[in-house]
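Below is one structure, written out as structure tokens; the observations come after it.
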Amino acid sequence: MSTAPITHAPAAEPGVAGVPAVPPAGRVVPLGNAPEGVVVGTSGIGAAAVRSPDGVVLFDATTGAVRQTVATTGAARHLDLAGPDGPVLVPLEQSSELLQMNLADGTVSSTVTGVGRGPHDAAATADGTIAVTNEQGGGVVFVRDGAIAGALPAPPPQPGGVAAVGTYAAVADVQGNGVWVYDASTLQLVAQAPVGRKLTHAVALSGDLAAFADTDGGAVFLDRIDPQVTQVARIDAPGNPIGLAYDGPRHRLYVTLTASNTLRVVDVSDPSKPRTLGDLPTVQQPNSLAVDPRSGAVLVTGSDPGAASSLQIITPDLLPHG
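In this note's numbering, the protein residues as written are 1 to 322.
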């Protein structure tokens with residue numbers, strides 16, 4: 001398989017958000033230590049990655065009340081769920097480990113070491129293989145049954161977000177080298193395509209679709225992964241879009257615009273014609289978000305490491321409906 005020439009450039013980064021100009025929508029719950037990656041399971045228990053000290057905070061997704069904090073040997077940027085109610089996939093950047101953590105009680109059922117250098121994100125494909133992006137080392141590491149099953153080196157030189165689309169893992173390169181698609185069942189690179197200017201985060205949508213945040217390009221791209229990468233639509237998202245979350249039953253895509261402390265709500269019931277329904281004000285530095293699968297509420301992490309470090313809970317009645 002041939003690929004385009006590789007570009008080496010500074011990585012795309014979130015916008016540096018100032019203090020919100022207007023009060024955030026919904027309820028804001030203090031949550032210290034710069035929470036970033038966040039997930040919510042079908043049980044209504046959420047998890048957020050925090051740092052200094054590093055750990056994972058388990059909380060009630062309705063109230064934000066902390067249930068417990070699990071200390072870890074490094075910090076995670078991203079969290080993902082291997083199933084509807086976990087376990088939580090926790091890639092620890094400093095210790096190069098991948099944990100699988102139970103949402104209910106925080107027990108760690110699996111620890112895999114040596115999953116690259118600075119593992120950034122992880123996603124479980126349909127066959128149970130977990131693809132881990134090796135951000136500082138390049139390429140992808142594959143985990144099966146609690147052990148490393150294989151690894152593919154760079155390129156991409158600096159993989160960031162990954163979305164599981166069936167048995168494929170679609171990876172965004174943060175240096176501007178588009179999307180790289182791996183078949184997790186065969187542990188092979190099967191497609192690559194230029195997408196946007198510089199991507200960061202990725203999320204799977206329904207069917208064979210995925211969304212990619214073009215953080216430097218001020219857009220979100222909807223692409224078909226079959227496994228070739230085909231653009232379906234481009235969504236305007238000015239101001240360093242980073243966080244992506246998808247609500248499948250309600251056909252909603254949520255995007256955080258980090259430079260302006262904004263949540264953009266997009267109707268993707270027709271993926272070829274996405275409709276922006278409206279924007280809501282968020283907490284400071286909204287680097288990540290998740291949808292409560294029970295209600296459709298949206299939870300946003302305020303990742304500023306200072307006093308603004310928080311969790312924002314936006315109930316469905318406050319979301320624009322078009």
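We treat Cβ as the ideally placed atom computed from N, Cα and C, and that holds for glycine.
Remember, predicted model here, so these are calculated numbers, not experimental data.
When you compare the CB positions of residue i and residue j, do they come within less than 8 Å of one another, or not?
i: ALA47; j: VAL174; result: no
i: GLY166; j: ASP208; result: yes
i: SER95; j: GLY116; result: no
i: LEU99; j: PRO119; result: no
i: SER303; j: GLU135; result: no
i: GLY44; j: THR62; result: yes
i: GLY138; j: PRO156; result: yes
i: PRO53; j: ASN33; result: yes
i: PRO286; j: VAL300; result: yes
i: GLU211; j: VAL203; result: Per the sequence shown, the amino acid found at residue 211 is Ala instead of Glu. Against a cut-off of 8 Å, the Cβ pair of VAL203 and ALA211 comes out as a contact.
i: TYR168; j: PRO227; result: yes
i: GLY178; j: ALA193; result: yes
In the DSSP output, what is residue i paired with across the bridge?
i: GLN188; result: ASP183
i: GLN228; result: None, per the DSSP bridge assignment.
i: ARG27; result: ILE313
i: ILE45; result: ASP60
i: ARG264; result: VAL255 and ASP279
i: GLU97; result: LEU92 and THR113
i: LEU81; result: VAL88
i: GLY302; result: PRO286 and SER310
i: ASN134; result: PRO119
i: ALA234; result: The displayed chain sequence assigns Arg, not Ala, to residue 234. Bridge partners of ARG234: PHE221.
i: PRO241; result: LEU257
i: GLY55; result: VAL50 and ALA71
In chain order, what residues of the same chain have a beta carbon less than 7 Å from the beta carbon of residue i, not counting five sequence neighbours either side?
i: ALA147; result: VAL112
i: SER272; result: VAL232 and ALA233
i: VAL39; result: GLY46, ALA47, LEU79, ASP80, LEU81, VAL88 and ALA290
i: GLY176; result: THR7, ALA9, ARG197 and LYS198
i: VAL66; result: VAL57 and PHE59
i: LEU189; result: MET1, LEU152, TRP180 and TYR182
i: VAL28; result: VAL283, SER310 and GLN312
i: GLY15; result: GLY239, ASN240, THR258 and ALA259
i: ASP267; result: HIS251, ARG252, PRO274, ARG275, LEU277 and GLY322
i: PRO316; result: SER295, GLY296 and ALA297
i: ASN248; result: The residue asked about is misnamed: residue 248 is Gly in this sequence, not Asn. Cβ within range, chain order: SER206.
Can you find the residues in the same chain that come closer than 6 Å, C-beta to C-beta, to residue i, ignoring five residues on each side of it along the sequence?
i: PRO30; result: SER310
i: THR42; result: PRO84, ASP85 and PRO293
i: ILE130; result: ALA122, ALA124 and VAL143
i: SER269; result: HIS251
i: ALA25; result: LEU280, PRO281, ILE314 and LEU318
Need the endpoints of the beta strand (DSSP E) that residue i sits in, please.
i: GLN284; result: Counting along the chain, GLN284 falls outside any beta strand (DSSP E), and DSSP gives it neither H nor E.
i: LEU311; result: 310-314
i: ARG224; result: 219-225
i: ARG252; result: 252-257
i: ALA104; result: Neither: ALA104 is in no beta strand (DSSP E) and is coded neither H nor E.
i: SER109; result: 108-113
i: VAL38; result: 38-40
i: ALA147; result: 147-152
i: PRO159; result: 159-165
i: HIS8; result: Taken as a continuous stretch (DSSP letters only), HIS8 belongs to no beta strand (DSSP E), as it is neither H nor E.
i: VAL203; result: 199-204
i: ALA210; result: 209-214
i: VAL195; result: From DSSP, VAL195 is part of no beta strand (DSSP E); its letter is neither H nor E.
i: THR69; result: 66-71
i: ASP292; result: Element bounds for ASP292: n/a, residue is neither H nor E.
i: ASP270; result: Run containing ASP270: none; DSSP gives neither H nor E here.
Going by beta carbon distance, what residues of the same chain come within less than 8 Å of residue i, once the five residues before and after it are set aside?
i: ALA237; result: ALA213, ASP214, GLY218, ALA219, VAL220, VAL255, LEU257 and ARG264
i: VAL19; result: GLN284 and ALA308
Distance cutoff 8 Å, beta carbons only. Does residue i sit that close to anything in chain D?
i: VAL140; result: Looking for chain D here will not work: only one protein chain is present.
Inter-stretch contact (C-beta, 8 Å, three-pair minimum) for the stretch 116-123 and the stretch 154-164: Touching, yes.
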